[in-house]
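Under our numbering, think of the first position of the sequence shown as 719, with each following residue one higher.
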Amino acid sequence: MTDNQETPDAEDTAPSPSGSTTLPLRPQCERLSSNKSSVCSRSYFVVVMVFFHVYIINVIALLFYVHYSSGQDDATRSHDAPSSNHQSPGSGRPPSKPESLRDVSLTRIEGIRVGHVQKVSLVPGKVHEMRTLSLKPLLFEIPEFLSDDECRVVMQLAQLKGLMESQLMVQEGQEELAKELNLSPEEIFNLLDINQDGQLQLHEILTHSRVRDGIWLTPENLREIYTGLKADKDGNGLLSLEEFRRLSNDAFQRFLMQQGVKRSQLVRNSRHTWLYQGKGAHQVLQDVKARVTRLTRLPPTLVDLSEPLQVVRYEEGGHYHAHHDSGPVYPETACTHTRLASNTSTPFETSCRYITVLFYLNSVEGGGETAFPVADNRTYDEVSLIQNDVDLMDTRRNCDKSNLRVKPTKGTAVFWYNYLSDGRGWVGEQDEYALHGGCVVTHGTKWVANKWINIDPDYQRQARYQQLVSQQPEDEDDEDQSVNPEIQSSDIHQDL
Ligand code: OGA
Ligand code: CA
Ligand code: FE2
């Protein structure tokens, strides 16, 4: 602070026209606004004008920025739009095209509020009711989406094709994988110790074993293993680095093998198969696909280019622990379905399933609900999902603690968004709240089918992929289906 900072005030101490003789310390105009001196009002005027100009310049600069940045965005997106809207690509648009004219904007159905019912017209002569089950994730239920006959045909076609184990028993390759693991016990300890407190909590080991081996250990299982291997000498359920070091690298694996892993100890205990839904497929399968397109209001091309229908059967005792159908979005992750269009060899690959439509093909006698453990939670806290005693992801034991459970009813469809919107009409971040699983079937058999709609969160990659596929001759005659999806599926959704 320099002394001459005070100088502007000195100017304001001039006597006022009213003849006041006291020398004010503060400017006159602050004390008596109705009695301003000319000097005072001039300086005020200057200050106000300066502010005013700076403000105006800022506003103009901002307008320019918005104008040009949206223009550029339109220009890049319009060239290879992945949607099926037939606008001539690269038609030399001016860079100032407004946002609203972007070629693709994925429809996202509004949930309004839990319990809200919308009428939808999906098949001629019938109106379906679509009820919002949760907003996080955005989840809906549509009773009677499939007729009894359609359910029967889908189950029969799946049987005809043959169902395979959804998850193989602990793979042979596991032991070799363990040998190849080139990390010291300290390094492994450090990686597993997520909260970095120098101890391995039960959930830190559990999470790891599920990802690595696909074996779903419970905290009790783990305590038994500790006892069997005399790993946790002080019996506090925590492993110190010392205790961990004493465990040989594959002692865990060998112990599990000796005990024998039961199907019920896997992440998933079911059988499944895939049914192609394209041209030449059974009419019921094509009808289901068309209905899904109407339901989701997405461009038909996106639905056509998605995975086939997956049909799943759970026997009594079957389950599927809580999981995400889609992977998170990282820059270095590629989507399985657009692999063709990934120009570089990306280190990670994941399923990119924007929407899951799950159909119940039969009504289950006991259990088998679809559970959403954290649906509409106020906050999502991954650590609290697995605590030492209660594991909310365990659908064999803790479905009753899930926030939301859907009872399997023949013909009902539920669908939800596995990703949020990016706010600009495309796929955004993974929705963590979309975590779900199949509760253990206590009586009877459970049949479901999954229709996943694959969209790459990387717009350009999805566009390149569609470009590549459309150049292949067998897809040429699918083009007619893909004319303006907005028109095809407009006004089918109507609020009650
Ligand atoms: C799935 C799934 C839930 C269920 O197959 O991905 O989550 O209720 N199924 O079977
Ligand atoms: Ca720890
Ligand atoms: Fe799932």
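For every residue, glycine included, the Cβ atom is placed at its ideal position computed from N, Cα and C.
Excluding residues up to 5 positions away in sequence, Thr1130 lie with their Cβ nearer than 6 Å to the Cβ of proline 861 in the same chain.
For aspartate 821, the shortest separation between its Cβ and any heavy atom of ligand 3 does not lie below 7 Å. Within the same chain, Cβ atoms closer than 6 Å to the Cβ of arginine 849 are found at Val835, Glu859, the five residues on either side in sequence being excluded. Of the other Cβ atoms in all chains shown, fewer than 16 fall within 10 Å of the Cβ of methionine 767; this residue is therefore exposed. When secondary structure is reduced to three states using DSSP, arginine 1142 falls in the coil class, being assigned neither helix nor strand.
The region 979 to 1034 contains, as complete alpha helix (DSSP H) runs of 4+ residues, the segments 1001 to 1014, 1018 to 1022 (chain order). Excluding the 5 residues flanking it on each side, glutamate 1083 has same chain C-beta neighbours closer than 7 Å at His1161, Gly1162, in chain order. Distances taken from the Cβ of threonine 1054 to the heavy atoms of ligand 3 include none shorter than 7 Å. Note that the region 975 to 994 touches the region 869 to 885; at least 3 beta-carbon pairs, one per stretch, sit closer than 8 Å.
Not one heavy atom of ligand 3 is found less than 7 Å from the C-beta of histidine 1161. Cβ contact annotation for proline 1026 (same chain, cutoff 7 Å, sequence separation greater than five): Trp992, Leu993, Tyr994, Gln995, in chain order. By the C-beta criterion, the region 1106 to 1114 is judged to be in contact with the region 1140 to 1157, since at least 3 inter-stretch pairs fall below 8 Å. Around valine 871, the same chain offers Val1002 as residues with beta carbons nearer than 6 Å, after the five sequence neighbours per side are excluded. Straight through space, the alpha carbons of aspartate 1140 and tyrosine 1048 are spaced by roughly 14 Å. If you look at leucine 1076, you'll find it in the beta strand (DSSP E) that goes 1071 to 1078. Its chain contains Thr850 as the residues whose beta carbon lies nearer than 7 Å to that of arginine 831, once the 5 sequence neighbours on both sides are disregarded; these appear in chain order. Annotated three-state conformation of tyrosine 1135 is strand, per DSSP. Judged by pairs of C-beta atoms under 8 Å, the region 1005 to 1014 does not touch the region 1031 to 1050, as fewer than three such pairs exist. The count of Cβ pairs closer than 8 Å, one atom from the region 1120 to 1139 and one from the region 864 to 880, reaches three, so the stretches are in contact. When the Cα atoms are used, threonine 1068 and glutamine 1180 turn out to be separated by approximately 14 Å. One alpha carbon belongs to arginine 826, the other to threonine 1014, and they sit about 8 Å apart. Burial check for phenylalanine 1090: the Cβ neighbour count within 10 Å reaches 16 or more, so the residue is buried. C-alpha of asparagine 1061 to C-alpha of leucine 840: approximately 39 Å in a straight line. Exclusion of threonine 1130 from the 7 Å shell around ligand 1 follows from its C-beta lying no nearer than that to any non-hydrogen atom of the ligand.
In this structure, the straight-line span from the alpha carbon of isoleucine 1173 to that of aspartate 950 is close to 46 Å.
Here serine 1081 carries a coil assignment [DSSP, helix/strand/coil].
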